[in-house]
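First comes the structure, then the notes that go with it.
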Amino acid sequence: MIIWNPWHGCHKVSEGCQHCYMYFLDKKRGIDTSKVYRTDNFNLPVQRRRDGMFKLPSGMQLFVGLSTDFFVEEADKWREEAWRIMRLRPDIAFRLLTKRAGRIKDCLPKDWGDGYENVLLQVTCENQKRADERLPILLDIPAKHKGFMAAPFIGEVDAEPYLATGQIEEVLCGGENYDGARPCHYEWVKKLSDQCRRHDVTFDFIETGTVFVKEGKTYHIPDKRTQSLQAYKSGLSYEGSKIDFKLTNPEPGIFDMDDYKPFFREHCRTCGSKLTCNGCSNCGNCDKDSRL
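To convert a position in the sequence shown, counted from 1, into this note's numbering, add 1.
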């Protein structure tokens, strides 16, 4: 998948953060994840090639802030500029994810209105407690597109009343990884998958996590590619109604809205992220330690 991290770093706010994957990966690099800083790729969506064309083509979807939280307090001084960049690229769909649902409303841009057509707001719901805390807040916020992510999935979630509102367009799900990973149970994933099917909401079971429990048996799966394959083979993912982002051309006559042609590797056919992935970014991780 292709990711835009306008800033890096975060501080822990709930039980889902206990074994945060970024803290694990940053520790290996000697980085203090609790220090939030603006990245060199802050302007990535509006960077241009020598011929004047955008480096990121029209029609793609961009995952935002996977090494941070888009609504982390330390980024307040940069967020308005990030919103401006999203306005400049109405031809790209931006996927935002946060555990700080209570901050969303106060951090929206002045011209937000009932939402940007090219922005999907998502909250993390790692268990029922956080689902009941964050989803009502999300549902109360005006937005064109809403979803949530059950990851790290460390407790059963009944999302039926929230899905029944018709506002949730997509649910992603995945187990926990790396040191101290807590178990993800097949039954939890199956329940959430069934609920999404009933409401024709796309459900993407991305990965099992390091510790996966099914029918009382515990499986230890440290290899992330194997996790993804097993999630795919489970058949629990479901392609529901497609999100209609209504992307528009920022510079008519110059950019082609059908520019983006996602690239997929051979193993992408059986990847758990297949339903929501935007194509391979050629980051090189596939050729390295698959725990990364």
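Each residue gets a CB set at the ideal place from its N, CA and C atoms; glycine is no exception.
Remember, it's a predicted structure, so these values are computed and weren't measured experimentally.
Applying the criterion that 16 or more other CB atoms from any shown protein chain within 10 Å of the CB defines a buried residue, is P223 buried or exposed? Under this definition P223 is an exposed residue.
With DSSP collapsed to three states, give me the class of Q168. Of the three classes helix, strand and coil, the one that applies to Q168 here is coil, per DSSP.
Using only the alpha-carbon positions, how far apart do W189 and C278 sit? Going by the C-alpha atoms only, they are around 23 angstroms apart.
I need the DSSP call for E118, collapsed to helix, strand or coil. Of the three classes helix, strand and coil, the one that applies to E118 here is coil, per DSSP.
In three-state DSSP terms, what is S291? Because the pLDDT at S291 is just 45, under 50, the model does not fix this residue reliably, and the value given afterwards should be weighed accordingly. For S291, the secondary structure class from DSSP, reduced to helix, strand or coil, is coil.
Tell me the DSSP secondary structure of L140 in three-state form. Helix, per DSSP.
What are the boundary residues of the alpha helix (DSSP H) that includes Y187? In the DSSP assignment, Y187 falls within the alpha helix (DSSP H) that extends over Y187 to R199.
Using 7 angstroms as the cut-off, classify the Cβ of S235 as near or not near the heavy atoms of the ligand ADP, replying yes or no. With respect to small molecules bound, the structure shown includes none, and the ligand ADP cannot be examined in it.
Using a threshold of 8 angstroms, state whether the C-beta atoms of Y239 and C197 are closer than that. For Y239 and C197, yes; Cβs fall inside 8 angstroms.
If I measure Cβ to Cβ from L276 and keep anything under 7 angstroms in the same chain, skipping five residues before and after, which residues do I get? Contacts found: T203, D205, S238 and E240.
Closest to L89 by C-alpha separation, out of E157, Y117 and D33, would be which residue? Out of E157, Y117 and D33, Y117 has the C-alpha closest to the C-alpha of L89.
Starting from E82 and walking both ways along the alpha helix (DSSP H), at which residues does that stretch end? From DSSP, the alpha helix (DSSP H) with E82 extends over D77 to L89.
Which one of T166, C108, P153 and W113 has the shortest CA to CA distance from I311? Shown here, the chain extends from 2 to 293; a query on residue 311 therefore has no answer.
What distance in whole Å lies between the Cβ atoms of Q129 and E157, which are believed to be in contact at a cut-off of 8 angstroms? Contact holds; Cβ gap of about 6 angstroms.
Grouping DSSP H, G and I as helix and E and B as strand, with all else coil, what is I207? In the structure shown, I207 adopts extended strand secondary structure according to DSSP, grouped into three states.
Helix, strand or coil for L45 per DSSP? Note: L45 maps to helix in three-state DSSP.
From the DSSP output, read off the bridge partner residues of R39. R39 pairs with W8.
Cα-Cα separation between F25 and K243, rounded to whole angstroms: Taking the straight line joining both Cα atoms gives about 34 angstroms.
Residues in its own chain within less than 8 angstroms of A36 by CB, not counting five upstream and five downstream? Going by the sequence as given, residue 36 is Lys instead of Ala. The beta carbon of K36 sits closer than 8 angstroms to the beta carbons of G10 from its chain, once the five residues preceding and following it are set aside; these are given in chain order.
Distance, A151 Cα to S274 Cα: So the alpha carbons of these two residues sit roughly 14 angstroms apart.
Range of the contiguous alpha helix (DSSP H) that encloses M152: Rather than Met, the amino acid found at residue 152 in this sequence is Ala. Here A152 belongs to no alpha helix (DSSP H), and DSSP marks it neither H nor E.
8 angstroms Cβ cutoff met for E1 and K147: Nothing in the structure corresponds to residue 1, since the chain is present only between 2 and 293.
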